[in-house]
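Scroll down for the structure; my scribbles are underneath it.
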Amino acid sequence: MIENVVKYKCRDSKGESNMNTKQLIEEAKTARERAYVPYSKFKVGAALLTNDGKVYHGCNIENAAYSMCNCAERTALFKAYSDGDTQFSAIAVVADTARPVPPCGACRQVISELCSPDMKVILTNLHDDVKELTVSELLPGAFSPEDLNE
0 MIENVVKYKC RDSKGESNMN TKQLIEEAKT ARERAYVPYS KFKVGAALLT
50 NDGKVYHGCN IENAAYSMCN CAERTALFKA YSDGDTQFSA IAVVADTARP
100 VPPCGACRQV ISELCSPDMK VILTNLHDDV KELTVSELLP GAFSPEDLNE
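Under the working numbering, the residues of the sequence shown are numbered 0 to 149, in order.
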């Protein structure tokens, strides 16, 4: 159902997103509650904001075959791409960690390829510690399609 994919649109009179960082973090916390983590019990949530104000939720989903697990960040990005949304302004990621949760290497690589280098990445935890950076700061010197020999 579309309601499960796109939470809502949030735009101002100029058609630009008016969702603030705190609201996007709250959306990530909502997504975190949907995590399927029977093995690690480590819930992660992500909320991806498109340039036109849509919010895509993602949560981590585990599997007994650990290599089949998917992280919250990639879940949100893949949902957006599968719906045809490919332009993003921010992603918020939350987990119950001592510091703002850092994305794994696979998520950093996917984010660096599917998002603009200046997109905002908001990392947080349940203690409201927040670290904001850009995609290029998240994975400096990222391997990109330009590095492939064609």
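The beta-carbon is built from N, C-alpha and C at its ideal position, and this holds for glycine as well. Computed from a predicted model, the values in this text were never measured in an experiment.
Taking the Cβ atom as the reference point for each residue, do residue 23 and residue 46 lie within a distance shorter than 8 angstroms?
Their beta carbons are under 8 angstroms apart, which means residue 23 touches residue 46 by this criterion.
Comparing C-alpha positions only, which one of 133, 105, 69, 141 sits nearest to residue 41?
Here the closest residue by C-alpha is 69.
Under 8 angstroms, do residue 59 and residue 71 count as touching if we go by C-beta distance?
yes
Per DSSP, residue 35 is paired with what?
60
C-alpha distance - residue 94 paired with residue 51, whole-angstrom precision
Each residue's Cα considered, the two are about 26 angstroms apart.
Quick check: what's the CA-CA separation for residue 48 versus residue 64?
31 angstroms
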